[in-house]
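Following the numbering used here, the numbering of the sequence shown begins with 460 at its first residue and continues without gaps.
Heads up, the thing below is written out as structure tokens.
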Amino acid sequence: MTTSPKAEAGAAPAFAVSSLDALNLGKLAAAGVWCALRHPVTGAPLVTPDGAPIRLKLAGMDAPVAKAAAARLSALPKDAPTAELEAALRQQVIDCTLDWEGVPLEFSPANVAAFYAAWDWAEGQALETIAARDRYLGN
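Okay, here's the thing in structure tokens:
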């Protein structure tokens, strides 16, 4: 007679997966997810004049590109100037930005840098998405 293992009291419920690839966060994060930008004060979704959403495709913190950027950030000296730390963090967001829709600029690393420099609130929304592992599960 086969019995199922009993859950321990207070243990998290079991999570059944058909393949461990379903939990390969590096692969899922590298594929990216779309982040719809929202108004920095009202929270309303931002749209183009045609009504299309303005959104960024972002790699997550488990993606190789994000890990490389994080390694560069952690390699900075502990007494690095604030401006140097901010520049390294911004570069991480730039590196994790894979594409965009609705932004009236051609997608390129230089334009991504200019975009975040002009609209730092968008950079904050991008950082929140990049850090949220749950956004990348189930792509």
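All residues carry an ideal CB built from backbone N, CA and C; glycine is no exception.
Excluding five sequence neighbours on each side, which residues of the same chain lie with their C-beta closer than 7 Å to the C-beta of TYR575? ARG549, VAL552, ILE553, ALA581 and GLU582
If you check the beta carbons only, do ALA518 and CYS494 fall under 8 Å apart? Contact annotation: ALA518 and CYS494 have beta-carbon atoms that are not nearer than 8 Å.
Under a Cβ-count criterion, where at least 16 other Cβ atoms within 10 Å of its own Cβ denotes burial, should THR588 be classed as buried or exposed? buried
Specify whether the segment 510-527 and the segment 555-565 touch according to this definition: at least 3 beta carbon pairs, one from each stretch, less than 8 Å apart. yes
Tell me which residue opens and which closes the beta strand (DSSP E) that VAL492 is part of. Where VAL492 is concerned, the enclosing beta strand (DSSP E) stretches over 492-495.
Tell me whether ARG531 is buried or exposed, calling it buried when 16 or more other Cβ atoms sit within 10 Å of its Cβ. Here ARG531 is exposed, its C-beta having fewer than 16 other C-beta atoms within 10 Å.
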